[in-house]
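Undergrad: Following my numbering from start to finish, the sequence shown increments by one per residue and tops out at 445.
Ideal Cβ placement from N, Cα and C applies to all residues, glycine included.
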Amino acid sequence: MATEIIMPKAGMAMEEGTIVKWFKKEGDTVEVGEPLLEILTDKVNMEVEAPASGTLLKILAQEGEVLPVITTIGYIGKPGEEVPQGQTSDQKAVTTESPQDLMIDDVQPVEDKEQEDPINTQKVRATPASRKIAKENNIDLKDISGSGPKGRVQRMDVAEYLEGLQREGAKITPLAKKIAQGEGVELSALKGTGVGGKIVKDDVLRSLETQEQKIEKDNIIPLTGMRKVIGERMTQSFFTAPTFTLNIEVDMTETTKLRKQLKETILQQTGKKLTFTDIIILATSKALKQFPIVNATLVEEGILLHRHVHMALAIGLDEGLLVPVIRNTDQMTLSEIVVAAKDVAEKAVSKKLSPDQLQGSTFTISNLGMFGISHFNPIINQPNSAILGVNAIIEKMRVVDGEPKVRPIMNLSLTIDHRVIDGTPGAKFLQYLKQLLENPMMMLI
């Protein structure tokens with residue numbers, strides 16, 4: 001007796017379905033479980049498998065027809081076998097079973113299978129059969145234009161795509177070619193893993209990944225020489241000294257005036273240009289003499305207070321960081337500081353500093369103000385116990401004598417070793433340094 005093919009009920013709410021496409025025609029041989037046709041419910045497309053092996057004897061519902069669930073839409077049987085007349089199944093038999101019993105459990109919604117497909121990372125509307133064929137032939141479904149509803153890829157679409165590849169003898173898929181052209185990938189260097197050695201999208205992406213890895217490896221800078229020393233010293237300082245940073249804002253109005261007044265004179269005397277850094281070195285040296293605990297080194301016997309200020313300047317180079325030392329800045333005039341600072345800076349750039357000029361500091365200044373930096377926490381240059389970070393001079397609105405005025409404001413950042421210096425002396429040092437810069441005439445006293 002011929003076996004009925006019925007419109008399945010794929011859910012409790014499903015009342016009817018639409019015939020989208022028959023994969024077989026009358027007279028074709030079918031195997032049980034083989035995708036036989038595709039239907040459209042109110043939510044998803046799904047394929048209906050053959051309920052029996054044999055010959056597709058009769059198709060009762062044509063593509064595009066909308067039919068109630070449990071309606072007979074065809075028959076499978078032996079060749080030449082008679083089929084019942086009419087288009088509906090034996091409704092008595094149907095109604096004796098509950099709707100739940102008649103649900104087609106083995107028909108999976110397309111959306112679920114799309115998530116299981118390892119080839120596609122993006123959703124592509126496709127039937128399970130088309131996915132299976134695509135996977136077997138290592139084809140990306142995104143390369144195929146679907147002819148089904150809403151662009152759904154059908155099994156026939158995949159088959160036609162495969163035939164096209166074989167017929168044209170093409171060497172690369174359109175998507176792979178587009179990516180290769182956009183990324184500048186040399187196709188002659190690629191080995192295709194698609195059908196007949198065809199280059200597919202994944203081949204191009206793997207090539208790109210290999211190129212990027214090679215470029216990244218070429219960009220590694222060996223951690224040697226100056227960079228290695230800097231890394232070791234900064235790590236040692238950071239992890240051995242308990243530090244904290246104090247910040248204070250300084251009104252640089254008077255210092256700016258002083259610089260303008262002395263710039264030309266110092267240039268004539270020394271041939272060097274007076275900078276804010278030079279003035280800050282002078283002011284800091286005087287402040288360190290006032291607060292010797294900040295100009296100190298932690299030694300085995302205790303805290304060593306240095307008699308003089310040997311000022312180190314952090315100078316950034318393309319190769320790394322150098323910290324040359326200017327000795328006895330507490331005994332220098334501003335002109336002498338200008339000359340000494342320019343001398344060590346020029347030698348640092350030309351790499352002509354002697355070993356003696358790179359050691360023996362008691363305090364360090366790091367100036368990032370020329371780069372527009374407004375705040376930072378400098379790391380102490382051991383064996384110093386503190387470091388001063390100099391930031392950019394930025395015009396800000398301030399209340400002066402009860403009136404709002406724009407002032408050149410600079411932030412100073414003092415990082416201190418808490419084993420040597422407490423917050424109060426550190427704050428007093430910064431406060432005094434602020435007074436010197438806001439009243440530079442005090443430096444003459």
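Going by other Cβ atoms of all chains shown within 10 Å of its Cβ, with 16 needed for buried, is Ser385 buried or exposed?
TA: Buried, because 16 or more other Cβ atoms sit within 10 Å of the Cβ of Ser385.
Undergrad: Put Gln431 into one of helix, strand or coil per three-state DSSP.
TA: Here Gln431 sits in helix by DSSP.
Undergrad: Does the count of Cβ pairs from the stretch 211 to 227 and the stretch 393 to 413 closer than 8 Å reach three?
TA: The stretch 211 to 227 is not in contact with the stretch 393 to 413.
Undergrad: Got a sec, what are the start and stop residues for the beta strand (DSSP E) Ile5 sits in?
TA: Taken as a continuous stretch (DSSP letters only), the beta strand (DSSP E) holding Ile5 covers 3 to 6.
Undergrad: Return the first residue and the last residue of the alpha helix (DSSP H) that Asp203 is part of.
TA: Segment 201 to 218, the alpha helix (DSSP H) holding Asp203.
Undergrad: With three or more C-beta pairs closer than 8 Å as the rule, is the stretch 52 to 68 touching the stretch 16 to 23?
TA: Yes: the two stretches touch, three or more of their Cβ pairs being nearer than 8 Å.
Undergrad: At the level of alpha carbons, what is the spacing between Thr173 and Gly194?
TA: Whole-angstrom Cα-Cα distance: 9 Å.
Undergrad: Determine which residues share a DSSP beta bridge with Ala296 and list them.
TA: Answer by DSSP bridge pairing, in chain order: Leu305.
Undergrad: Could you name each continuous beta strand (DSSP E) segment of 3 residues or more that falls completely within the stretch 27 to 68, going from the start of the chain to the end?
TA: List check, beta strand (DSSP E) in window: 35 to 40, 45 to 49, 54 to 59, 66 to 68.
Undergrad: With H, G and I counted as helix, E and B as strand and the rest as coil, what does DSSP make of Phe371?
TA: Correct three-state label for Phe371: helix.
Undergrad: Classify Leu365 as buried or exposed, calling it buried when 16 or more other Cβ atoms lie within 10 Å of its own Cβ.
TA: As written in the sequence, residue 365 is Ile, which differs from the Leu given in the question. The residue in question, Ile365, is buried, as its Cβ has 16 or more Cβ neighbours within 10 Å.
Undergrad: Please state whether DSSP places Glu186 in a helix, a strand or coil.
TA: Three-state DSSP puts Glu186 in coil, outside helix and strand.
Undergrad: Measure the alpha-carbon distance for Lys191 versus Ile199 and round it to whole angstroms.
TA: The straight-line gap from Cα to Cα measures roughly 7 Å.
Undergrad: Any idea which residues DSSP pairs Ile409 with across the strands?
TA: Beta-bridge pairing links Ile409 to Asp251, Ile394.
Undergrad: For the ligand SAH, is there any heavy atom lying closer than 7 Å to the beta carbon of Glu336?
TA: Absence of the ligand SAH is noted for the structure shown, with no ligands found whatsoever.
Undergrad: Nearest CA to the CA of Ile416: which residue from Ile387, Leu282, Ile144, Gln181?
TA: It is Ile387 whose Cα lies nearest to the Cα of Ile416.
Undergrad: DSSP three-state label for Ala312, please.
TA: Here Ala312 sits in strand by DSSP.
Undergrad: Taking the alpha helix (DSSP H) that Gly17 falls in, what are its first and last residues?
TA: Gly17 -> not in any alpha helix (DSSP H); beta strand (DSSP E) instead, spanning 16 to 22.
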